[in-house]
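What follows is one structure encoded as structure tokens, with my remarks underneath.
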Amino acid sequence: MLDIRLLRESPELVKQRIATRDAALAPLVDQILAIDSARRAAETERQQLQSDRNRLSKEIGIGRKNGEDTSAKETEVRGIGTRIDEIGQEADAADTQQRDLLLALPNLPHDACPIGSTAEENPEVRRWGTAPAYDFEPKDHIALGQTHGMLDFEAGAKITGSAFVVYRGPGARLERALINFLLDLHTTQHGYTEISPPLLVKPECLVGTTQLPKFGDQVYHCPEDDLYLIPTAEVPVTNLHREEILKNEQLPIHYAAYTPCFRREAGSAGLGTRGLIRMHQFDKVELVHITTPETSMDALETLTGHAEKVLQLLGLHYRVIELCTGDIGFGSAKTYDIEVWAPGQKAYLEVSSCSTFGDYQARRMNLRFKDADGKNRFAHTLNGSGTALARLFVALVETHQQADGTILIPEALRRHYGADRIG
RNA sequence: GGAGAGAUGGCUGAGUGGUCGAAAGCACAUCUUUGCUAAAGAUGCGUAGGAGUAAUCCUACCGAGGGUUCGAAUCCCUCUCUCUCCGCCA
Numbered sequence: 521m522l523d524i525r526l527l528r529e530s531p532e533l534v535k536q537r538i539a540t541r542d543a544a545l546a547p548l549v550d551q552i553l554a555i556d557s558a559r560r561a562a563e564t565e566r567q568q569l570q571s572d573r574n575r576l577s578k579e580i581g582i583g584r585k586n587g588e589d590t591s592a593k594e595t596e597v598r599g600i601g602t603r604i605d606e607i608g609q610e611a612d613a614a615d616t617q618q619r620d621l622l623l624a625l626p627n628l629p630h631d632a633c634p635i636g637s638t639a640e641e642n643p644e645v646r647r648w649g650t651a652p653a654y655d656f657e658p659k660d661h662i663a664l665g666q667t668h669g670m671l672d673f674e675a676g677a678k679i680t681g682s683a684f685v686v687y688r689g690p691g692a693r694l695e696r697a698l699i700n701f702l703l704d705l706h707t708t709q710h711g712y713t714e715i716s717p718p719l720l721v722k723p724e725c726l727v728g729t730t731q732l733p734k735f736g737d738q739v740y741h742c743p744e745d746d747l748y749l750i751p752t753a754e755v756p757v758t759n760l761h762r763e764e765i766l767k768n769e770q771l772p773i774h775y776a777a778y779t780p781c782f783r784r785e786a787g788s789a790g791l792g793t794r795g796l797i798r799m800h801q802f803d804k805v806e807l808v809h810i811t812t813p814e815t816s817m818d819a820l821e822t823l824t825g826h827a828e829k830v831l832q833l834l835g836l837h838y839r840v841i842e843l844c845t846g847d848i849g850f851g852s853a854k855t856y857d858i859e860v861w862a863p864g865q866k867a868y869l870e871v872s873s874c875s876t877f878g879d880y881q882a883r884r885m886n887l888r889f890k891d892a893d894g895k896n897r898f899a900h901t902l903n904g905s906g907t908a909l910a911r912l913f914v915a916l917v918e919t920h921q922q923a924d925g926t927i928l929i930p931e932a933l934r935r936h937y938g939a940d941r942i943g
């Protein structure tokens with residue numbers, strides 16, 4: 521969330537910046553400031569009353585020791601106590617209200633984030649490689665999956681529901697090979713520490729990484745235990761250090777985690793899409809950085825590069841786009857999306873979204889570090905997919921399919937897959 | 001799931017109703033002195049919030065939330081977590 525002091529000191533700046541996401545958000549700022557001043561007035565009064573009570577109570581204690589009659593003072597303090605309860609309720613209510621509103625206010629886009637209102641205005645930053653040409657009509661991954669017995673959508677629907685898939689045989693093996701390839705790449709070449717977290721988390725973790733309270737309908741919930749299935753490893757991994765004060769020398773932290781991801785995709789337009797493009801459950805290797813404020817923008821470039829390396833090694837054509845202010849995620853200050861070319865789809869598929877959140881998530885989860893001067897400051901958090909698996913699978917089999925129907929396994933992946941082709 | 005023990009500041013650990021935000025030790029920071037692979041001494045050293053131009057002052061926090069009381073780290077209730085033992089189990 522945003523720093524209330526920033527709203528107090530520079531309300532116009534905050535309104536301007538937040539309006540680059542959505543003009544309708546600006547009035548929220550004034551609403552929060554009104555509650556903030558009411559809250560502080562009530563808080564000040566409460567503290568004054570508490571101070572009075574403390575003083576009188578001490579006098580009563582001393583008086584009783586000296587055998588004085590303290591009943592008049594006791595009556596007075598009783599009255600103060602009632603007043604404290606009343607004003608305290610006001611103060612607490614305003615505090616809760618203020619917090620709720622702050623949690624509903626998205627992050628300010630970074631100055632470096634291009635201004636725009638829709639995805640059409642996202643500038644393309646760079647391309648790597650070119651879309652491959654074929655002297656035959658390339659099949660899509662659904663057909664390839666059928667040919668090689670790799671993907672069983674009917675079985676997924678049967679045992680769970682639509683938008684769930686069963687990988688089998690070479691498909692399951694390829695998925696596993698990709699997971700190992702990604703983790704090995706990031707841990708041995710890019711210096712990440714591998715994490716294998718729980719897949720169920722407490723609600724406060726989702727508040728920390730901004731899925732709650734606003735986007736609760738997108739995550740699977742187990743009400744009996746009040747636990748949520750993670751929509752991304754970002755949630756458990758970033759929250760590893762919630763409510764902590766890290767030592768300066770611990771930063772930067774680099775974590776890589778493979779997990780399945782569970783998303784309800786409520787109201788999602790693309791859910792009807794055939795194939796692996798949008799599933800309720802998919803695998804992903806996630807990269808998380810925790811940095812100092814001074815280094816987070818550089819870290820975003822590094823992180824994006826690490827995700828790009830995956831596609832380069834697998835020989836997949838891709839482009840990097842930069843999300844504009846109207847299209848970045850709720851907590852993001854700046855985001856790059858990496859889109860891989862899928863010949864069977866004749867489309868670019870988003871396989872990675874790399875964002876810096878500035879201190880926005882850190883404030884929500886109270887994640888701080890002690891700087892060189894011994895001051896506690898909020899850390900900066902970043903994350904990016906490195907990469908999402910289902911769509912990587914799609915791009916891989918569609919790109920490397922051969923005229924004879926076999927699928928060539930890229931050189932870099934052969935060690936993990938254990939063969940040089942499927943079929 | 002059952003039984004028991006526990007949860008206090010960065011760590012260890014006192015504190016069973018009043019002047020306790022909390023002794024002491026360790027760690028850490030600065031300074032002083034003696035000197036040399038260190039020692040001794042002095043001072044400082046939690047977090048959050050509020051008032052004030054500021055110096056500074058005030059409030060809250062002893063796992064969390066309620067309650068009793070003029071007053072709670074301390075008494076009562078509920079919950080969470082940790083440890084030990086038993087049961088069950090991949």
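Residue numbers (the working numbering): 521 to 943. Ideal Cβ positions, reconstructed from N, Cα and C, are used throughout, including at glycine.
Item                                                                                                            : Value
Integer-rounded CB distance, given that VAL914 should sit under 8 Å from LEU834                                 : Wrong, their Cβ atoms sit about 12 Å apart, outside the cutoff.
Contact check, PHE889 vs ASN768, beta carbons under 9 Å                                                         : yes
Own chain partners of ALA853 with C-beta closer than 8 Å, once the 5 adjacent residues on each side are dropped : ASN627, LEU628, PRO629, HIS630, CYS633, SER875, THR876, PHE877, GLY878, TYR880
Residues sharing a beta bridge with GLN881, DSSP                                                                : According to DSSP, which records beta bridges pairwise, GLN881 is partnered with nothing at all.
CB-CB length for ILE699 against VAL757, believed under 8 Å                                                      : That belief does not hold up - the Cβ atoms of ILE699 and VAL757 are roughly 16 Å apart, past 8 Å.
Contacting residues, own chain, Cβ-Cβ under 6 Å from ALA753 (five flanking each side not counted)               : ALA777, THR779, GLU806
Closest by C-alpha distance to LYS722, when choosing among GLY711, PRO743, HIS706, GLN738                       : PRO743
PHE889, DSSP secondary structure in three states                                                                : strand
Residue of THR667, LYS829, ASN642, LEU623 minimising C-alpha distance to LEU732                                 : LEU623
Identified DSSP bridge partners for TYR654                                                                      : In DSSP, TYR654 forms no bridge with anything.
Coil, strand or helix - CYS874 by DSSP                                                                          : strand
Alpha-carbon spacing of GLN536 relative to ALA546, whole angstroms                                              : 7 Å
Length of the line joining the Cα atoms of HIS741 and ASP523                                                    : 30 Å
Touch test, the region 594-610 against the region 555-573, Cβ-Cβ under 8 Å, three pairs minimum                 : yes
Contact under 9 Å by Cβ, LEU843 with ASN642                                                                     : yes
Exposure label - ARG911; buried when at least 16 CB within 10 Å                                                 : buried
Opening and closing residue of the beta strand (DSSP E) in which THR855 lies                                    : 854-862
Same chain, Cβ closer than 6 Å to SER872, neighbours up to 5 away in sequence not counted                       : ALA827, ILE858, GLY904, SER905, THR907
Within the region 605-671, ranges of the alpha helix (DSSP H) (whole runs, at least 4 residues)                 : 661-667
For ILE797, three-class secondary structure by DSSP                                                             : coil
VAL917 versus PRO813: straight-line alpha-carbon distance, rounded                                              : 40 Å
Reference PRO690, options LEU664, GLN609, THR540, ARG897, closest by Cα                                         : LEU664
Presumed contact (8 Å Cβ cut-off) between LEU720 and LEU702, rounded CB distance                                : Not quite, the Cβ-Cβ distance comes to about 23 Å (not below 8 Å), so this is no contact.
Where the beta strand (DSSP E) through VAL840 begins and ends                                                   : 838-842
PRO718, buried or exposed, once every other Cβ within 10 Å from all chains shown has been counted against 16    : exposed
Rounded C-alpha distance that separates LEU726 from ILE582                                                      : 50 Å
Three-state class that DSSP yields for ARG575 in the structure shown                                            : helix
Backbone secondary structure at PHE673 - three-state DSSP                                                       : helix
Residue span of the alpha helix (DSSP H) that contains PRO723, given as start and end                           : 723-728
The alpha helix (DSSP H) enclosing ILE524, as first and last residue numbers                                    : 524-529
Length of the line joining the Cα atoms of VAL755 and LEU902                                                    : 12 Å
Buried versus exposed call for SER816 [16 or more other C-beta atoms within 10 Å across all chains shown]       : buried
Beta bridge counterpart(s) of LEU749 as assigned by DSSP                                                        : LEU720
Separation of GLN801 from LYS678, as counted between CA atoms                                                   : 15 Å
Identified DSSP bridge partners for GLU806                                                                      : ALA777, SER905
Per-residue DSSP class, three states only, for ARG1027                                                          : Nothing in the structure corresponds to residue 1027, since the chain is present only between 521 and 943.
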